[in-house]
Each structure stands twice: as structure tokens, then as C-alpha cells.
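**Q** Take a look at the following structure, please.
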Amino acid sequence: MIKKLLGSATLFLMASSAFANECEVTVESNDAMQFNTSNVVIPASCSEFTVTLKHTGQLPKQAMGHNWVMTTKANGQAVATDGMSAGLDNNYVKPDDERVIGATDIIGGGEQTSTTFSVEGLSKDEEYMFFCSFPGHIGIMKGTVTLSS
């Protein structure tokens, strides 16, 4: 009987944990200028979404820093270009850039950071992307953001 109750409690906790985590994702980056995924899916049931970025490498942010920036696909390159002149102190994102939907700080090897942003104004008819805005990284470090039904 105890074993059966413990099994049910474990199953309940696992289900609760899975439900609580549907509005967040962890993305890893490394010293080889790579993300570990090329697509992030945001469930339609989420009103906000959290991205945690982990840098699994060892190089400092000044040499091989990474961030995670989300924009529309149409705005991605322009946001990255404007971010270069914003500099490291601004995480290579132009301050108050209205084209940016969500962005983390720049981090170096062994560090992690998160961003939480509203997804209520996003449209399934729009194409979204994510990328690293460290100068030159968008060429390799990018992917799509998909809104699910």
C-alpha cells in the first residue's frame, strides 16, 4: 500500500513538474560558437516564456561571449548589426530596441543567465528567430522560434 501511494505521489510530482516547465527552455552554447538546438517551441498556452542560457565552454565573455536574442526573422540581422555598436556593456543589444522580444545578458564559459518575456502579442503568422548578437556570431548561432497550437 505504501509503495503504491509513493508511486502515485511520484507520478503526480513528475506530471506537475512537466506542466510547470512547459513555458521555459534551457539552451546551451559553447566555445565552438554553437547552440545545442536550432528550434525553440513556445506553447500557445504560455502567457510568458523563460529561456535559460548556459555557456558550457571555458572562454571568457570578452573572447567568446554568448547571449540569446529573439526577434522577428525580418529584424534579426538589423538588430545584430545595431547591437555591435552597442558594445559588450549593453550585451551587444541596442538599449530599448523595440524589435527585441527577449534577450539575455552576454555570458562566458561556465555561466548561465535567463530572460522571461511576454508572448501574448506574438502571432502564429509571423516568423521568429533567435540568435547570438556577439559580433559575427549570428552567421552560425541562430535558429527559429515556433509558436505551437
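Taken in order, the sequence shown gives residues -20 to -1, 1 to 129; the numbers are from mature numbering (1 follows the signal peptide of the UniProt record, and there is no 0).
Glycine is no exception: its CB is placed at the ideal position from the N, C-alpha and C atoms.
Since this is a predicted model, take the numbers as computed values, not measurements.
Use the C-beta contact count for Asn71: other C-beta atoms within 10 angstroms, 16 or more gives buried, fewer gives exposed.
**A** For the purposes of this step, residue 71 is taken as the residue at position 91 of the sequence shown. Buried: at least 16 other Cβ atoms inside 10 Å.
**Q** Under the three-state reduction of DSSP, which class applies to Leu102: helix, strand or coil?
**A** By one-based count along the sequence shown, residue 102 stands at place 122. Leu102: coil per DSSP, three-state reduction.
**Q** Just checking my contact of Met13 with Met109 at CB under 8 Å: how many whole Å lie between their CB atoms?
**A** By one-based count along the sequence shown, residue 13 stands at place 33. By one-based count along the sequence shown, residue 109 stands at place 129. At roughly 17 Å, the Cβ-Cβ gap does not stay under 8 Å, so Met13 and Met109 are not in contact.
**Q** Determine the contact status of Ser113 and Val31, defining contact as a CB-CB distance below 8 Å.
**A** Along the sequence shown, one-based indexing puts residue 113 at 133. Along the sequence shown, one-based indexing puts residue 31 at 51. Not closer than 8 Å, so no.
**Q** Below 8 Å on the Cβ atoms is my contact criterion, and I expect Val80 with Val49 to pass it. Report the Cβ-Cβ distance as a whole number of Å.
**A** Taking the first residue of the sequence shown as position 1, residue 80 is located at position 100. Taking the first residue of the sequence shown as position 1, residue 49 is located at position 69. With 8 Å as the limit, Val80 and Val49 qualify as a contact, their Cβ atoms being about 6 Å apart.
**Q** Fully enclosed by the region 43 to 123, which beta strand (DSSP E) runs are 3 residues long or longer?
**A** Counting whole runs of 3 or more residues, the region 43 to 123 contains the beta strand (DSSP E) stretches 49 to 52, 92 to 98 and 108 to 111.
**Q** What does the alpha-carbon distance come out to for the pair Lys34 and Asp69?
**A** Within the sequence shown, the letter at position 54 stands for residue 34. Within the sequence shown, the letter at position 89 stands for residue 69. So the two alpha carbons sit approximately 19 Å from each other.
**Q** Restricting to Cα atoms, I'd like to know which of Ala43, Asn1, Gln38 and Phe15 is closest to Glu28.
**A** If you number the sequence shown from 1, residue 28 lands on position 48. Considering only alpha carbons, the answer is Asn1.
**Q** How far does the beta strand (DSSP E) with Phe29 in it extend, from its first residue to its last?
**A** As a working note, residue 29 is residue 49 in the sequence shown. Element bounds for Phe29: Glu28 to His35.
**Q** Based on the DSSP output, what are the partners of Glu8 in its beta bridges?
**A** By one-based count along the sequence shown, residue 8 stands at place 28. Answer is Lys34, bridged to Glu8.
**Q** If you draw a straight line from the alpha carbon of Asp105 to that of Gly119, how long is it in whole angstroms?
**A** Along the sequence shown, one-based indexing puts residue 105 at 125. Along the sequence shown, one-based indexing puts residue 119 at 139. Straight-line Cα distance between these residues: approximately 25 Å.
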